[in-house]
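Take a look at the structure set out below.
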Amino acid sequence: MPHYTAIVGTRPNFIKLAPLYHVLTGHSETKLSVIHTGQHYDDNLSGLFFRELDLPTPSVQLTICSGDRLSQIEDLRQKLRSELTLLEPDLVIVFGDVNSTLAGAKASHDLGIPIAHVEAGLRSFDPSMPEESNRIETDRISDFHFITESAAFDNLLAERICEDNIHFVGNVMIDNLTNFTKSDDSEDYMLWTIHRPSNVDQRDDLMGVLSLLEESLRSYDVVWPMHPRTRKTLKSFGLWPILDQHVRLHIMEPLGHTEFTDLLANARIIVTDSGGIQEEACYFGVPCLTLRNNTERPVTIQVGANRLIMDNDLDLFRKELKRIQEEPTSWDLPELWDGQTSQRIVRILQEQIKLAH
Ligand code: UD1
13 MPHYTAIVGT RPNFIKLAPL YHVLTGHSET KLSVIHTGQH YDDNLSGLFF
63 RELDLPTPSV QLTICSGDRL SQIEDLRQKL RSELTLLEPD LVIVFGDVNS
113 TLAGAKASHD LGIPIAHVEA GLRSFDPSMP EESNRIETDR ISDFHFITES
163 AAFDNLLAER ICEDNIHFVG NVMIDNLTNF TKSDDSEDYM LWTIHRPSNV
213 DQRDDLMGVL SLLEESLRSY DVVWPMHPRT RKTLKSFGLW PILDQHVRLH
263 IMEPLGHTEF TDLLANARII VTDSGGIQEE ACYFGVPCLT LRNNTERPVT
313 IQVGANRLIM DNDLDLFRKE LKRIQEEPTS WDLPELWDGQ TSQRIVRILQ
363 EQIKLAH
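Heads up: the sequence shown at position 303 corresponds to 315 in this note's numbering, and the numbers run straight through without jumps.
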């Protein structure tokens with residue numbers, strides 16, 4: 013019986029694991045163990061998702077040091093190596109682009125365990141993003157590259173990844189959404205989520221974000237489930253009192269998957285710097301404005317669902333808000349975002365394992 017180990021550590025990892033976990037455990041001939049790295053530890057970023065998405069208690073629960081990116085990855089890599097030596101899986105599965113993803117891939121590589129990378133090949137071409145380094149380094153040592161959009165195929169080929177190891181399977185995160193129905197009457201609020209270092213770690217950058225927020229509040233109520241990183245820096249830079257002045261602003265703790273999906277599906281506009289939320293907005297037909305200079309998810313732009321607000325430019329932001337108000341917004345869904353991605357991944361893994369035995 014093949015034994016897979018999934019390594020997860022952050023909120024988006026848990027969301028991507030869920031559909032795959034449920035398809036894999038439906039196969040009686042497969043064993044799946046889960047290692048939680050402890051990168052996200054607050055209940056509303058972690059435990060809540062395990063409960064809501066019906067995920068098992070992890071076989072292994074780690075804690076990690078709170079250091080800079082490299083020390084976090086190195087600390088985790090060593091801990092994961094010990095755990096994987098005990099578990100002896102045939103294959104390790106990692107997701108996305110967070111520090112836990114790369115640490116998991118490195119530990120497996122150290123031990124010669126094959127690696128499957130779910131959501132491989134995405135590139136922002138922005139070397140200042142920690143996620144970009146995590147993506148590139150994880151792909152360099154992975155054996156199975158499961159990709160969500162065709163741009164990832166070209167990116168991987170350009171990095172000399174063997175074509176036979178790239179599998180266009182679609183978007184596993186969308187598998188979670190296909191049973192979800194939008195309510196009939198869409199409400200007139202904007203949904204905000206902002207947490208990237210490029211927007212929240214420096215005072216000036218945060219001030220720029222807040223000027224876009226104030227522009228939004230002229231026309232809309234804004235609902236903002238706030239990431240702990242953002243809350244921390246808003247407070248430490250003394251900017252929190254600015255938020256208190258706005259009655260149309262609704263700040264809340266990070267939400268669970270169902271509650272957040274409900275808010276997202278029914279919003280008028282999404283403003284975000286998250287990767288996954290650009291895709292989820294695209295799926296639900298909600299126009300997205302991304303407060304970044306680039307996106308590793310170009311298909312969302314190509315289909316017309318998403319626009320970048322470069323340098324958080326206020327004039328551009330105003331122009332885009334006006335466009336959304338005036339133009340009809342609808343688009344075709346990207347290829348293979350059909351809720352069947354986990355099935356495809358499992359089929360490919362099972363075939364390869366059979367070939368290997
Ligand atoms: C991480 C990922 C990012 C992903 C995001 C989703 C990396 C490099 N970044 O960013 O790609 O989009 O998760 O949420 O892996 N903190 C808490 N409670 C928690 C977790 C974190 O207070 O449960 C605090 C940490 O102490 C730290 C800050 O939030 O001060 C940042 O946490 P970290 O896990 O480093 O990265 P995220 O910003 O969450």
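Built from N, CA and C at the ideal position, the CB exists for glycine as well.
Query raised in the report: Helix, strand or coil: which one does DSSP assign to Met202?
Result: The count along the sequence shown starts at 1 and reaches residue 202 at position 190. Strand, per DSSP.
Query raised in the report: To the nearest whole angstrom, what separates the beta carbons of Ile127 and Ala117, a pair I think is in contact under 8 Å?
Result: Within the sequence shown, residue 127 is the residue found at index 115, counting from 1. Within the sequence shown, residue 117 is the residue found at index 105, counting from 1. Confirmed, Cβ separation roughly 5 Å.
Query raised in the report: Could you check where the alpha helix (DSSP H) with His34 kicks off and where it finishes?
Result: Position 22 of the sequence shown, counted from the start, is the residue given in the question as residue 34. His34 -> alpha helix (DSSP H) spans 23 to 37.
Report task. Indicate the three-state DSSP secondary structure (helix, strand or coil) for Met141 in the structure shown. Result -> Counting from one through the sequence shown, the residue named residue 141 turns up at place 129. Three-state DSSP puts Met141 in coil, outside helix and strand.
Requested in this report: Flag this pair as yes or no: are the beta carbons of Met202 and Ile282 separated by less than 9 Å?
Outcome: The residue given as residue 202 occupies position 190 in the sequence shown. The residue given as residue 282 occupies position 270 in the sequence shown. Yes; because the gap between Cβ atoms is below 9 Å, this pair is in contact.
Report task. Apply the 10 Å Cβ neighbour rule to Asp66 and answer buried if 16 or more other Cβ atoms are within range, or exposed otherwise. Result -> Indexing the sequence shown from 1 puts residue 66 at position 54. It counts as exposed.
**Report entry** Pairwise C-alpha distance: Tyr295 and Glu347
**Finding:** Translated into positions along the sequence shown, residue 347 becomes position 335. Translated into positions along the sequence shown, residue 295 becomes position 283. Approximately 11 Å, taken between the alpha carbons.
Report task. Determine the closest residue to Asp285 out of Arg63, Glu271, Cys300, with distance taken between C-alpha atoms. Result -> What you label residue 285 is simply residue 273 of the sequence shown in a count that begins at 1. Among Arg63, Glu271, Cys300, the Cα nearest to that of Asp285 is on Cys300.
Query raised in the report: Whose C-alpha, out of Pro70, Arg23, Val46, His34, is nearest the C-alpha of Asp109?
Result: Position 97 of the sequence shown, counting from 1, holds the residue named residue 109. Measuring from the Cα of Asp109, the nearest candidate turns out to be Arg23.
Query raised in the report: Any chance the CB of Ser140 is under 8 Å from a heavy atom of the ligand UD1?
Result: Taking the sequence shown and counting its residues from 1, one reaches residue 140 at position 128. Flag unset: Cβ of Ser140 not near the ligand UD1.
Requested in this report: Decide if Lys91 is buried, meaning its Cβ has at least 16 other Cβ atoms within 10 Å, or exposed.
Outcome: As a position in the sequence shown, residue 91 is number 79, starting the count at 1. Lys91 comes out buried.
Query raised in the report: Taking the continuous alpha helix (DSSP H) assigned at Lys194, which residues delimit it?
Result: Walking along the sequence shown from the start, residue 194 turns up at place 182. Counting along the chain, Lys194 falls outside any alpha helix (DSSP H), and DSSP gives it neither H nor E.
**Report entry** Cβ-based burial, Asp87 [other Cβ within 10 Å; buried from 16]
**Finding:** As a first step, residue 87 is located in the sequence shown; it is residue number 75 there, counting from the start. Answer is buried; the Cβ neighbour count reaches 16.
Report task. Closer than 7 Å by C-beta to Asp344: which residues in its own chain qualify, once you throw out the five before and the five after it? Chain order, please. Result -> The residue given as residue 344 occupies position 332 in the sequence shown. Counting only Cβ-Cβ distances below 7 Å, and skipping sequence neighbours, we find Val315.
Query raised in the report: Across which residues does DSSP place Ala18 in a beta bridge pair?
Result: The residue labelled residue 18 in the question sits at position 6 within the sequence shown. Answer is Val46, Ile105, bridged to Ala18.
Report task. Quickly, what does DSSP pair Thr284 with across the bridge? List them, please. Result -> As a position in the sequence shown, residue 284 is number 272, starting the count at 1. Thr284 pairs with Thr205, Thr302.
Query raised in the report: Within this structure, are the beta carbons of Thr49 and Ile27 separated by less than 9 Å?
Result: The count along the sequence shown starts at 1 and reaches residue 49 at position 37. The count along the sequence shown starts at 1 and reaches residue 27 at position 15. Not in contact: Thr49 and Ile27 (Cβ atoms no closer than 9 Å).
Query raised in the report: Taking Cβ positions, are His157 and Ala163 nearer each other than 9 Å?
Result: The residue labelled residue 157 in the question sits at position 145 within the sequence shown. The residue labelled residue 163 in the question sits at position 151 within the sequence shown. For His157 and Ala163, no; Cβs fall outside 9 Å.
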